[in-house]
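**Student:** Numbering-wise (this note's numbering), the sequence shown opens with residue 18 and increments by one.
This structure is in C-alpha coordinates; I'll ask about it shortly.
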Amino acid sequence: MHQEEHEVAVLGAPQGSGPVMSTVVNIRSETVVPDHIVWSLFNTLFFNPCCLGFVAFAYSVKARDRKMVGDVTGAQSYASTAKCLNIWAVVLGLLTILEELLDVIKSYGGH
18 MHQEEHEVAV LGAPQGSGPV MSTVVNIRSE TVVPDHIVWS LFNTLFFNPC CLGFVAFAYS
78 VKARDRKMVG DVTGAQSYAS TAKCLNIWAV VLGLLTILEE LLDVIKSYGG H
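Take a look at the structure:
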(Lines of atoms letter the chains of each structure in order from A and count residues from 1; the text may use other names and numbers.)
(Lines give C-alpha, C1' and ligand atoms only; values in the text may rest on other atoms or scores of the structure.)
Protein backbone atom coordinates (compact mmCIF):
# COMPACT_ATOMS: atom_id res chain seq x y z
CA MET A 1 0.00 0.00 0.00
CA HIS A 2 1.30 3.44 -0.91
CA GLN A 3 1.70 6.00 1.82
CA GLU A 4 -1.04 8.22 0.36
CA GLU A 5 -3.53 5.35 0.29
CA HIS A 6 -2.63 4.50 3.88
CA GLU A 7 -3.27 8.10 5.00
CA VAL A 8 -6.69 8.09 3.36
CA ALA A 9 -7.57 4.77 4.98
CA VAL A 10 -6.51 6.00 8.41
CA LEU A 11 -8.21 9.38 8.15
CA GLY A 12 -11.44 8.09 6.57
CA ALA A 13 -14.43 10.40 6.23
CA PRO A 14 -14.50 13.79 7.96
CA GLN A 15 -15.52 13.40 11.60
CA GLY A 16 -16.72 16.96 12.20
CA SER A 17 -19.97 17.43 14.08
CA GLY A 18 -21.05 20.44 11.96
CA PRO A 19 -22.95 20.26 8.68
CA VAL A 20 -20.96 19.89 5.49
CA MET A 21 -21.20 23.05 3.40
CA SER A 22 -21.22 22.85 -0.40
CA THR A 23 -21.34 25.47 -3.07
CA VAL A 24 -22.96 24.97 -6.47
CA VAL A 25 -21.99 27.29 -9.28
CA ASN A 26 -24.29 27.28 -12.30
CA ILE A 27 -22.48 28.41 -15.41
CA ARG A 28 -24.81 29.31 -18.22
CA SER A 29 -23.36 29.19 -21.68
CA GLU A 30 -24.07 32.52 -23.31
CA THR A 31 -24.77 31.80 -26.94
CA VAL A 32 -24.65 35.01 -28.91
CA VAL A 33 -27.36 35.12 -31.55
CA PRO A 34 -27.16 38.21 -33.77
CA ASP A 35 -30.67 39.40 -34.57
CA HIS A 36 -29.62 41.79 -37.41
CA ILE A 37 -32.17 44.37 -36.25
CA VAL A 38 -30.07 47.43 -37.20
CA TRP A 39 -29.39 46.03 -40.67
CA SER A 40 -33.08 45.24 -41.07
CA LEU A 41 -34.08 48.74 -40.00
CA PHE A 42 -31.60 50.24 -42.49
CA ASN A 43 -33.02 48.05 -45.27
CA THR A 44 -36.57 48.98 -44.28
CA LEU A 45 -35.75 52.67 -44.62
CA PHE A 46 -33.44 52.64 -47.65
CA PHE A 47 -33.49 49.29 -49.50
CA ASN A 48 -37.03 48.02 -49.42
CA PRO A 49 -37.77 46.29 -52.75
CA CYS A 50 -40.85 44.07 -52.50
CA CYS A 51 -41.00 44.99 -48.78
CA LEU A 52 -38.10 42.63 -48.06
CA GLY A 53 -36.57 45.10 -45.61
CA PHE A 54 -39.80 45.31 -43.64
CA VAL A 55 -40.23 41.53 -43.53
CA ALA A 56 -36.58 41.17 -42.45
CA PHE A 57 -37.24 43.71 -39.68
CA ALA A 58 -40.23 41.64 -38.49
CA TYR A 59 -38.08 38.49 -38.37
CA SER A 60 -35.34 40.39 -36.52
CA VAL A 61 -37.84 41.47 -33.87
CA LYS A 62 -39.05 37.87 -33.56
CA ALA A 63 -35.43 36.71 -33.18
CA ARG A 64 -34.86 39.27 -30.42
CA ASP A 65 -38.06 38.16 -28.65
CA ARG A 66 -37.03 34.50 -28.81
CA LYS A 67 -33.58 35.41 -27.48
CA MET A 68 -35.11 37.28 -24.53
CA VAL A 69 -37.19 34.28 -23.45
CA GLY A 70 -34.21 31.94 -23.77
CA ASP A 71 -35.24 30.05 -26.91
CA VAL A 72 -31.85 30.00 -28.64
CA THR A 73 -32.93 27.62 -31.41
CA GLY A 74 -35.94 29.74 -32.33
CA ALA A 75 -33.84 32.90 -32.20
CA GLN A 76 -31.24 31.36 -34.52
CA SER A 77 -33.96 30.31 -36.97
CA TYR A 78 -35.58 33.76 -37.12
CA ALA A 79 -32.17 35.47 -37.27
CA SER A 80 -31.10 33.26 -40.18
CA THR A 81 -34.27 34.13 -42.10
CA ALA A 82 -33.76 37.84 -41.35
CA LYS A 83 -30.16 37.65 -42.59
CA CYS A 84 -31.22 35.97 -45.84
CA LEU A 85 -33.97 38.55 -46.43
CA ASN A 86 -31.54 41.38 -45.69
CA ILE A 87 -29.05 40.04 -48.22
CA TRP A 88 -31.75 39.85 -50.88
CA ALA A 89 -33.01 43.33 -50.01
CA VAL A 90 -29.51 44.81 -50.42
CA VAL A 91 -28.85 42.94 -53.67
CA LEU A 92 -32.18 43.91 -55.24
CA GLY A 93 -31.89 47.48 -53.94
CA LEU A 94 -28.41 47.90 -55.42
CA LEU A 95 -29.53 46.37 -58.72
CA THR A 96 -32.43 48.82 -58.84
CA ILE A 97 -30.12 51.76 -58.17
CA LEU A 98 -27.66 50.52 -60.79
CA GLU A 99 -30.47 50.15 -63.34
CA GLU A 100 -31.71 53.68 -62.66
CA LEU A 101 -28.18 55.03 -62.96
CA LEU A 102 -27.70 53.31 -66.29
CA ASP A 103 -31.02 54.73 -67.55
CA VAL A 104 -29.96 58.26 -66.55
CA ILE A 105 -26.56 57.86 -68.23
CA LYS A 106 -28.22 56.48 -71.36
CA SER A 107 -30.71 59.31 -71.55
CA TYR A 108 -28.01 62.02 -71.22
CA GLY A 109 -25.49 60.19 -73.37
CA GLY A 110 -27.46 60.79 -76.59
CA HIS A 111 -27.82 64.60 -76.04
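Virtual Cβ for every residue (Gly too), placed ideally from N, Cα, C.
Is DSSP giving Gly70 helix, strand or coil here?
**Tutor:** Three-state result, Gly70: helix.
**Student:** Tell me which same chain residues have a C-beta within less than 7 angstroms of the C-beta of Phe71, skipping the five on either side of it?
**Tutor:** Closer than 7 angstroms at the Cβ level, and outside the excluded window around Phe71, lie Thr61, Asn65.
**Student:** Taking a contact to mean a Cβ-Cβ separation below 8 angstroms, would you say Ala99 touches Tyr125 in this structure?
**Tutor:** No.
**Student:** Does DSSP put Asn65 in a helix, in a strand, or in coil?
**Tutor:** Looking at Asn65 - three-state DSSP - the assignment turns out to be coil, as it is neither helix nor strand.
**Student:** Between Leu69 and Trp105, which are expected to be in contact by the criterion C-beta below 8 angstroms, what is the C-beta distance as a whole number of angstroms?
**Tutor:** Right, the Cβ-Cβ distance comes to about 6 angstroms (below 8 angstroms), so this counts as a contact.
**Student:** Give the straight-line distance between the Cα atoms of Thr48 and Ser39, rounded to the nearest whole angstrom.
**Tutor:** About 28 angstroms.
**Student:** Taking 8 angstroms as the cut-off, decide whether the C-beta atoms of Ala92 and Arg83 are in contact.
**Tutor:** Closer than 8 angstroms, so yes.
**Student:** Kindly indicate which residue of Leu109, Val86, Ile122, Phe63 has the alpha-carbon position closest to the one of Val50.
**Tutor:** Of Leu109, Val86, Ile122, Phe63, the residue nearest in Cα terms is Val86.
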